[in-house]
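K.L.:
Counting with the working numbering, you get residues 455 to 867 for the letters of the sequence shown.
For every residue, glycine included, the Cβ atom is placed at its ideal position computed from N, Cα and C.
Let me give you the structure first, and then I'll get to my questions.
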Amino acid sequence: MRKRRILFCGNGNSAEILKDLNKDYEIYMIAEFKHDIGMQYITKFVRADPIDPKSALEAACYLYEKGYEFEAVFSLCIDTAISVSIIAEYFNLFGIPYEVAVNSTIKSNRSKIFEENNIPSPKYRIVNSYAELLERAIDVEFPLVLKPINLYGSIGVVLVESKQDLYEAYKYCTNATNEKSVIVNEYLKGTEYSSEGLMIDGKFHLTGLSERVFHYEKYKPHFVEVGDIIPTLLADQEKRMCSKVTEEAALALGIKNGIVKGDLILHNKQIKVLEITPRLGGPRFGTEMIPLSNGTNILRAAIQQALHEEIDYNYLNPKYEKGMVNRTIFAQPGIITNIEGLEEIKNLPGYYDFKWWKFPPYSVGDIVKKPRNMAEGIGYIIVTGKDRKEASKNANLIEQTIRIITTKNEVLK
C-alpha cells in the first residue's frame, strides 16, 4: 500500500522531524536550501522561495506535473501561510482561505482585526512614511515598538524610547524589508509566552505553552529572544486564559481549523495577544520541543486533519509534564579564535541537541557581531529535565561548557 503524500512549503530549520514522518508518509519539500538535518528523508525536493506565493505555486505545479501528487500541504515551522493557502486552494486541498492567511500574516491586517473584535492586544498605528510616523507616534506614546508589517522572528523590530530615536529606528525597520510601511505598537512590559495547538471545527486544543525568555536590557533596542522554558510558572487559571484568548484571536482571524501559534504577554495581570499565526512554532518548537515536554504530537494530528482522516486526540492530550529549555548561545563580538565543548556537552545531563544557527556552521576566523535577533546567535541547545528547575540547571551547565572564544574587537560590537 502506497504511503499518503504530503508537501511541506518551507522549512524553518526543523527537518529533523522528517525522519519520523518518513516511516508513514511520502514527503515532498519546497525550500531554498537542502542542507538541513533530516532533508535526506524527502522523496522529492524543489528549490524555490516558499515565502513568495508565485514561486511556491509554480514549484507545487511542477511537482504535480512530474507525478508527485501530494494530498496535503503544510508549513514546517516557517511563515509561509499565504503560499500554503494558495497551493491548497489551487489543488482543492485542506487549508485556510487565502484572505485568512493574508490577514494572519500581515501585521497591520491582524492588528486591525484584533481591534475590531475586542481581542486584548497592544495599541497600534500603521504609518507609510517617516513624516507620518512623526505625527502618529504621539497617539501611541513612548516607549513604543516599530515592526515591519511582513516579517517574523523579531527581524527589523526595534524599541524606540524617545522622539530623538525615531529616525534611526525607522531606517532600521524599513531596511529589513522592501516596505516603507511599518506598524507602531504600544510597548507592553511583562512576561511573554508562546501557545500552540490545533483548531478543530472552531475549538482550540492547546498542546503546548512556553515561557519566552528575552535579553531586553542587554541588547536594547533590539528584541533578542534567548529561547523558551517549559513548563511555565503560570497558575492554572492563567493557562486557561492563554488558551481562551488564543482561540478567540484565531476565530477573529477566521481560523476554524488547522495549527495555530500564539505570542502572548501577561501585562498588568491580563493576557494580551501579540501575534497569532497559522503554523507550527519554530525552529523545532512544535515538532520536538513541546513533544519532549508533554508527549503531544500536534503535527501528526494536523496531518490526519488535512488528509480528512479521523483525528487521534491522543496526539493532542499531554501525557506528562517534564522540563524543557531551548536556549540560544551567544558569543562576544569579535573574530572566533576557538570553539570548545561541543563534544563534551553530549555526555552532560539533559542534553538533547545543539544546532548551529547558520550554514555552513561558525568556525575559527568567522566574525561575530552583536545580535539583533535570536537567529543572529551562534547556535542553540535543547535540554530536558524531570521538571523546570532541573532542565534549567542542566541548560546552565551545558551553556557554560560551550566556549566560543573571540578576539576583542570594538568595531564589531
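With a Cβ-Cβ cutoff of 9 angstroms, do G708 and P507 count as a contact?
P.N.:
Here residue 708 corresponds to residue number 254 of the sequence shown, with the count starting at 1. Here residue 507 corresponds to residue number 53 of the sequence shown, with the count starting at 1. Their beta carbons are not under 9 angstroms apart, which means G708 does not touch P507 by this criterion.
K.L.:
Is I540 near A555, with beta carbons less than 9 angstroms apart?
P.N.:
The residue you call residue 540 lines up with position 86 of the sequence shown. The residue you call residue 555 lines up with position 101 of the sequence shown. Closer than 9 angstroms, so yes.
K.L.:
Flag F677 as yes if its beta-carbon sits less than 9 angstroms from any beta-carbon of chain D, otherwise no.
P.N.:
No chain D appears in the structure shown, which is made up of a single protein chain.
K.L.:
Taking only the alpha-carbon atoms, compute the straight-line gap between K809 and E470 and give it to the nearest angstrom.
P.N.:
By one-based count along the sequence shown, residue 809 stands at place 355. By one-based count along the sequence shown, residue 470 stands at place 16. Straight-line Cα distance between these residues: approximately 11 angstroms.
K.L.:
Please report the residue range of the alpha helix (DSSP H) in which M695 lies.
P.N.:
Position 241 of the sequence shown, counted from the start, is the residue given in the question as residue 695. Counting along the chain, the alpha helix (DSSP H) containing M695 begins and ends at 690-707.
K.L.:
For the beta strand (DSSP E) that contains Y516, what are its first and last residues?
P.N.:
The residue given as residue 516 occupies position 62 in the sequence shown. Per DSSP, Y516 belongs to no beta strand (DSSP E); it is in the alpha helix (DSSP H), 507-519.
K.L.:
Near D766, what residues of its chain come up, given a Cβ to Cβ distance below 8 angstroms and the 5 sequence neighbours on each side ignored?
P.N.:
Position 312 of the sequence shown, counting from 1, holds the residue named residue 766. Once the five neighbours on either side are set aside, the close Cβ partners of D766 are R754, A755, Q758.
K.L.:
Tell me the rounded alpha-carbon separation between K477 and K715.
P.N.:
The count along the sequence shown starts at 1 and reaches residue 477 at position 23. The count along the sequence shown starts at 1 and reaches residue 715 at position 261. Straight-line Cα distance between these residues: approximately 26 angstroms.
K.L.:
Which runs of the beta strand (DSSP E) at least 3 residues long sit entirely within the stretch 614-649? Give them in chain order.
P.N.:
Runs found: 636-640.
K.L.:
When the Cα atoms are used, what is the spatial distance from I719 to M743?
P.N.:
Counting from one through the sequence shown, the residue named residue 719 turns up at place 265. Counting from one through the sequence shown, the residue named residue 743 turns up at place 289. If you draw a straight line from the Cα of I719 to the Cα of M743, it is about 20 angstroms long.
K.L.:
Rounded to whole angstroms, what's the CA-CA distance from S583 to E671? Just pull it up for me.
P.N.:
As a first step, residue 583 is located in the sequence shown; it is residue number 129 there, counting from the start. As a first step, residue 671 is located in the sequence shown; it is residue number 217 there, counting from the start. Between S583 and E671, the C-alpha separation is close to 28 angstroms.
K.L.:
Between the Cα of I783 and those of C463, N850, S558, spot the shortest distance and give me the residue it belongs to.
P.N.:
Here the question's residue 783 lines up with position 329 in the sequence shown. If you compare the alpha carbons of C463, N850, S558 with that of I783, the shortest gap goes to N850.
K.L.:
How about V614 and F596: are their beta carbons less than 9 angstroms apart?
P.N.:
Counting from one through the sequence shown, the residue named residue 614 turns up at place 160. Counting from one through the sequence shown, the residue named residue 596 turns up at place 142. Contact flag set, yes.
K.L.:
In the DSSP assignment, what are the bridge partners of S664?
P.N.:
As a working note, residue 664 is residue 210 in the sequence shown. S648, per the DSSP bridge assignment.
K.L.:
Can you list, in chain order, the residues of its chain whose CB lies under 7 angstroms from that of S558, leaving out five sequence neighbours each side?
P.N.:
What you label residue 558 is simply residue 104 of the sequence shown in a count that begins at 1. Cβ neighbours of S558 beyond the five flanking positions: A535, R564, L707, I709, I730, T731, P732.
K.L.:
Mind reading off the beta-carbon distance from L620 to L588? Whole number of angstroms is fine, and I expect it under 8 angstroms.
P.N.:
Within the sequence shown, numbered from 1, the residue matching residue 620 stands at position 166. Within the sequence shown, numbered from 1, the residue matching residue 588 stands at position 134. At roughly 7 angstroms, the Cβ-Cβ gap stays under 8 angstroms, so L620 and L588 are in contact.
K.L.:
Assess contact between the stretch 791-802 and the stretch 745-753, defined as three or more Cβ pairs (one per stretch) separated by less than 8 angstroms. Is contact present?
P.N.:
Three or more Cβ pairs closer than 8 angstroms define a contact, and the stretch 791-802 falls short of that threshold against the stretch 745-753.
K.L.:
Hey, how far is the Cα of R666 from the Cα of R458?
P.N.:
Counting from one through the sequence shown, the residue named residue 666 turns up at place 212. Counting from one through the sequence shown, the residue named residue 458 turns up at place 4. Their backbone Cα atoms lie some 36 angstroms apart in a straight line.
K.L.:
With DSSP collapsed to three states, give me the class of V837.
P.N.:
Against the sequence shown, residue 837 aligns to sequence position 383. Strand, per DSSP.
K.L.:
So A513 and I484 are supposed to be a Cβ contact under 8 angstroms. How far apart are they, rounded?
P.N.:
Walking along the sequence shown from the start, residue 513 turns up at place 59. Walking along the sequence shown from the start, residue 484 turns up at place 30. That belief holds up - the Cβ atoms of A513 and I484 are roughly 5 angstroms apart, short of 8 angstroms.
K.L.:
Less than 9 angstroms separating the beta-carbons of G736 and G549?
P.N.:
Stepping through the sequence shown from its first residue, residue 736 is reached at position 282. Stepping through the sequence shown from its first residue, residue 549 is reached at position 95. Contact: no.
K.L.:
Could you tell me how far apart the beta carbons of S608 and E679 are, in whole angstroms, since I believe they sit closer than 8 angstroms?
P.N.:
Counting from one through the sequence shown, the residue named residue 608 turns up at place 154. Counting from one through the sequence shown, the residue named residue 679 turns up at place 225. Their Cβ separation, rounded to whole angstroms, is 6 angstroms, which keeps S608 and E679 in contact under 8 angstroms.
K.L.:
Would DSSP call F568 helix, strand or coil?
P.N.:
Locating residue 568 in the sequence shown gives position 114, where the first residue counts as 1. Helix at F568.
K.L.:
Residue ranges of each alpha helix (DSSP H) run of no fewer than 4 residues wholly in the stretch 750-785, ordered along the chain?
P.N.:
Fully enclosed alpha helix (DSSP H) runs of 4 or longer: 752-760.
K.L.:
Under 8 angstroms: do the stretch 686-697 and the stretch 793-807 share three or more Cβ pairs, one atom per stretch?
P.N.:
Verdict: no, contact absent.
K.L.:
So S648 and F739 are supposed to be a Cβ contact under 8 angstroms. How far apart are they, rounded?
P.N.:
Numbered from 1 along the sequence shown, position 194 holds the residue referred to as residue 648. Numbered from 1 along the sequence shown, position 285 holds the residue referred to as residue 739. Confirmed, about 7 angstroms.
K.L.:
Bridge partners of E470, per DSSP?
P.N.:
Translated into the one-based positions of the sequence shown, residue 470 becomes position 16. Answer is none; E470 lacks a bridge partner.
K.L.:
In this structure, does DSSP put A526 in helix, strand or coil?
P.N.:
Translated into the one-based positions of the sequence shown, residue 526 becomes position 72. Strand at A526.
K.L.:
Going along the chain, which residues of its own chain have a beta-carbon closer than 8 angstroms to the beta-carbon of E853, five neighbours each way excluded?
P.N.:
Along the sequence shown, read from residue 1 onward, the residue named residue 853 stands at position 399. Answer for E853: R781, I783, I835, listed in chain order.
K.L.:
Enumerate in chain order the residues of its own chain whose CB-to-CB distance from E775 is below 8 angstroms, with the five nearest sequence positions on each side excluded.
P.N.:
Against the sequence shown, residue 775 aligns to sequence position 321. Taken in chain order, the residues that qualify are P685, S747, N748, D841.
K.L.:
Which one or two residues does DSSP pair with A485 in a beta bridge?
P.N.:
Position 31 of the sequence shown holds residue 485. For A485, which the question treats as bridged, DSSP gives the partners R501.
K.L.:
Looking at the unbroken beta strand (DSSP E) that takes in I859, where does it start and where does it end?
P.N.:
Walking along the sequence shown from the start, residue 859 turns up at place 405. Counting along the chain, the beta strand (DSSP E) containing I859 begins and ends at 857-860.
K.L.:
Going by beta carbon distance, what residues of the same chain come within less than 6 angstroms of G712, once the five residues before and after it are set aside?
P.N.:
Here residue 712 is taken as the residue at index 258 of the sequence shown, counted from 1. Here the set comprises I550, M653, P732.
K.L.:
Just how far apart, CA to CA, sit K473 and A585?
P.N.:
As a working note, residue 473 is residue 19 in the sequence shown. As a working note, residue 585 is residue 131 in the sequence shown. About 51 angstroms.
K.L.:
What are the start and end residues of the beta strand (DSSP E) that includes R579?
P.N.:
Numbered from its first residue, the sequence shown carries residue 579 at position 125. R579 -> beta strand (DSSP E) spans 578-581.
K.L.:
Give me the Cβ distance between G788 and T860, rounded to the nearest whole Å; I'm assuming they're in contact under 8 angstroms.
P.N.:
Residue 788 sits at position 334 when you count from the first residue of the sequence shown. Residue 860 sits at position 406 when you count from the first residue of the sequence shown. Indeed they touch by this definition, with Cβ atoms about 3 angstroms apart.
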